[in-house]
Amino acid sequence: SKKPVRVAVTGAAGQIGYALLFRIASGEMLGKDQPVILQLLEIPDEKAQNALKGVIMELEDCAFPLLAGIEAHSDPMQAFKDTDYALLVGSRPRGPGMERAELLAINGAIFTTQGKALNAVASRNVKVLVVGNPANTNAYIAMKAAPDLPAKNFTAMLRLDHNRAASQLAAKTGKAVADIEKLAVWGNHSPTMYADYRFATIAGQSVKDMINDETWNRETFLPTVGKRGAAIIAARGLSSAASAANAAIDHMRDWALGTNGKWVTMGIPSNGEYGIPKEVMFGFPVTCANGEYKIVEGLEIDAFSQECINKTLAELQGEQDGVKHLL
Ligand code: NAI
2 SKKPVRVAVT
12 GAAGQIGYAL
22 LFRIASGEML
32 GKDQPVILQL
42 LEIPDEKAQN
52 ALKGVIMELE
62 DCAFPLLAGI
72 EAHSDPMQAF
82 KDTDYALLVG
92 SRPRGPGMER
102 AELLAINGAI
112 FTTQGKALNA
122 VASRNVKVLV
132 VGNPANTNAY
142 IAMKAAPDLP
152 AKNFTAMLRL
162 DHNRAASQLA
172 AKTGKAVADI
182 EKLAVWGNHS
192 PTMYADYRFA
202 TIAGQSVKDM
212 INDETWNRET
222 FLPTVGKRGA
232 AIIAARGLSS
242 AASAANAAID
252 HMRDWALGTN
262 GKWVTMGIPS
272 NGEYGIPKEV
282 MFGFPVTCAN
292 GEYKIVEGLE
302 IDAFSQECIN
312 KTLAELQGEQ
322 DGVKHLL
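In case it helps, full-length UniProt numbering puts the sequence shown at residues 2 to 328.
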């Protein structure tokens with residue numbers, strides 16, 4: 002049987018953590034033949050550490066055959082030791098009345114510390130997924146704080162936006178969500194992201210031709226996907242957690258195990274593709290194979306798409322400029 006791999010999860014006692022850990026431990030992320038050791042990080046606060054103890058008791062009580070060990074930590078230098086996968090979920094999202102500068106300063110501190118810890122103690126091949134918002138900028142901060150690790154190993158989660166877009170398209174066309182191929186979401190994980198179905202197909206047929214309604218694209222589809230997070234908060238009184246955890250599983254599974262040619266969306270550091278400046282942590286369509294992602298290149302960007310991409314890029318560059326002094 003395979004040697005266990007180490008999976009670090011931060012914010013492990015939070016709501017996404019609660020929807021995520023059990024699926025990792027059951028083998029849904031890395032395969033039903035891959036044992037895992039969970040290295041869980043929470044803030045030192047007594048309430049958070051106690052909540053983490055409760056989650057660990059429940060993990061034990063599942064008697065997962067693939068769960069080869071569980072550790073609870075309050076120090077990232079211990080939580081990230083030799084870790085092969087790191088899911089950075091814990092962060093400080095923007096609260097009511099919180100100034101942008103305050104938000105960026107708090108997350109700048111968290112993700113600088115965590116990036117440095119990954120740099121110091123993680124596996125040299127660690128695959129990092131940042132879920133905690135602002136996800137792209139937090140991933141950028143962690144990447145910049147970890148100069149000894151390959152920049153390409155730092156990614157941000159756009160998969161929830163991708164899955165939301167796929168689901169809306171399936172509903173609109175009356176087709177199965179699993180049959181949708183070649184969907185892309187460009188840019189920031191924020192309402193400015195650009196969900197782009199111009200290339201999408203269902204059973205080889207063009208989704209754009211099937212829908213044939215540009216007003217629906219601009220006035221219904223894009224705002225629905227862009228504001229879905231807010232709609233869930235309004236309905237549930239809490240932010241999306243199970244769907245976010247599901248997207249994190251999808252992102253890591255596809256990165257580690259491959260997509261068989263299928264396009265998925267990942268937030269990754271640009272190498273200048275599509276005119277996105279180097280190092281900007283941007284949502285791109287990718288395919289994955291052999292543990293590596295590859296940007297889908299050569300797609301035509303029309304005027305409307307370019308306008309959307311420019312807008313989300315400007316927002317991201319504004320965020321990244323806002324943290325420069327913290328790096
Ligand atoms: P939550 O508040 O329920 O849990 C967050 C947990 O992180 C808390 O238990 C907290 O103690 C912990 N935490 C905070 N700072 C930490 C640190 N420095 N180290 C370790 N743990 C720390 O929040 P929830 O619902 O689980 O969401 C987590 C994050 O994910 C939020 O920032 C949220 O905005 C973001 N999110 C991102 C999505 C995406 O698509 N990228 C989708 C949904 C949520």
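For glycine and all other residues, C-beta sits at the position ideal for the given N, C-alpha and C.
Remember, predicted model here, so these are calculated numbers, not experimental data.
(request) List the endpoints of the continuous beta strand (DSSP E) containing Glu308. (result) Careful: Glu308 lies outside any beta strand (DSSP E), inside the alpha helix (DSSP H) at 304–324.
(request) Please state if the CB of Asn291 and the CB of Gly259 are separated by a distance shorter than 8 angstroms. (result) Contact: yes.
(request) Please work out which residues of its chain come closer than 7 angstroms, Cβ to Cβ, to Ala177, disregarding the five sequence neighbours upstream and downstream, and give them in chain order. (result) Correct list, in chain order: Ala171.
(message) Quick test of the definition: if touching needs 3 or more C-beta pairs under 8 angstroms, does the region 47–58 touch the region 260–280?
(response) Result no; under three Cβ-Cβ pairs closer than 8 angstroms.
(request) Would you mind sorting Asn311 into buried or exposed? The rule is 16 or more other CB atoms within 10 Å of its CB. (result) With fewer than 16 other CB atoms across the displayed protein chains lying within 10 angstroms of its CB, Asn311 is exposed.
(message) Among the candidates Leu31, Thr174, Ala13, Gly15, whose CA atom is the shortest distance from the CA of Lys4?
(response) Distances from the CA of Lys4 to each of Leu31, Thr174, Ala13, Gly15 were compared; the closest alpha carbon is that of Leu31.
(message) Considering only the alpha carbon of each residue, which of Arg165, Phe155, Glu103, Thr193 lies closest to Val127?
(response) Nearest C-alpha to Val127: Phe155.
(message) Check whether the region 295–304 and the region 319–326 touch, using three or more Cβ-Cβ pairs below 8 angstroms as the test.
(response) By the Cβ criterion, the region 295–304 is not in contact with the region 319–326, since fewer than three pairs of Cβ atoms, one from each stretch, lie closer than 8 angstroms.
(request) Taking only heavy atoms of ligand 1 into account, decide whether any of them is closer than 7 angstroms to the Cβ of Thr202. (result) Checking the Cβ of Thr202 against ligand 1 gives no.
(request) Tell me whether Leu300 sits in a helix, a strand or coil according to DSSP, three-state version. (result) In the three-state DSSP reduction, Leu300 falls in the coil class, being neither helix nor strand.
(message) If you reduce the DSSP assignment to three classes, tell me which class Met282 lands in.
(response) Strand.
(request) Output the boundary residues of the alpha helix (DSSP H) element that contains Ile17. (result) Counting along the chain, the alpha helix (DSSP H) containing Ile17 begins and ends at 16–26.
(message) Using CA atoms only, rank isn't needed, just tell me which of Thr174, Ser191, Pro224 is closest to Ser207.
(response) Answer by Cα proximity: Thr174.
(message) Val186 and His163 - do their beta-carbons sit closer together than 8 angstroms?
(response) Here His163 is near Val186, since their CB atoms are less than 8 angstroms apart.
(request) Would you mind working out which of Ala152, Ser27, Lys279 sits nearest Glu59, comparing C-alpha positions? (result) Between Glu59 and the set Ala152, Ser27, Lys279, the nearest pair of CA atoms involves Ser27.
(message) If you follow the beta strand (DSSP E) that Trp187 is in, where does it begin and where does it stop?
(response) Taken as a continuous stretch (DSSP letters only), the beta strand (DSSP E) holding Trp187 covers 185–187.
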